[in-house]
Amino acid sequence: MNYQIEFKPRAVKDLKALSAAQHRQVVEKIEALQKDLVGDVKKLTDHTPEYRLRVGNYRVLFEVDGNSVVVYRILHRKDAYQ
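Quick note, our numbering runs 437 ahead of the 1-based positions in the sequence shown.
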């Protein structure tokens with residue numbers, strides 16, 4: 438199944454704050470989500486958004502809504518689950 442990737446405004450701001458190397462790495466992993474949610478994806482319990490993608494020390498927090506993947510935040514792992 439192919440998914441459409443959507444970014445919330447806060448996720449775009451988080452992405453712009455990353456260094457060039459981190460930005461490139463995160464974008465590659467997010468683009469890989471388009472095909473069957475591949476990558477280090479885990480369903481979170483008692484947390485909103487429902488899923489996380491691990492990219493090195495960063496976590497991409499997202500939800501699946503039908504055929505869309507909605508990216509809410511891109512945070513360092515120490516800040517992601519607070």
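All C-beta atoms, glycine included, are put in the ideal place defined by N, C-alpha and C.
Contacts around residue i, its chain only, beta-carbon distance under 6 angstroms, and the 5 residues preceding and following it disregarded
i	result
L455	none
A517	R496
K515	none
Neighbourhood of residue i by C-beta, 8 angstroms cutoff - its chain only, sequence neighbours within 5 removed
i	result
Y509	K445, R447, A448, P486, L498, F499 and E500
E468	I442
L452	F444, H460, V463, V464 and I511
DSSP state of residue i mapped onto helix, strand, coil
i	result
L481	coil
E468	helix
R496	strand
L512	strand
L474	coil
Cβ shell of residue i (< 7 angstroms), same chain only, five flanking positions each side left out
i	result
N494	H513 and R514
Margin query: For the region 445-462 against the region 471-489, do three or more pairs of beta-carbon atoms, one drawn from each stretch, fall closer than 8 angstroms, so that the two count as touching?
Written below: The region 445-462, when compared against the region 471-489, does not touch it at the 8 angstroms Cβ threshold.
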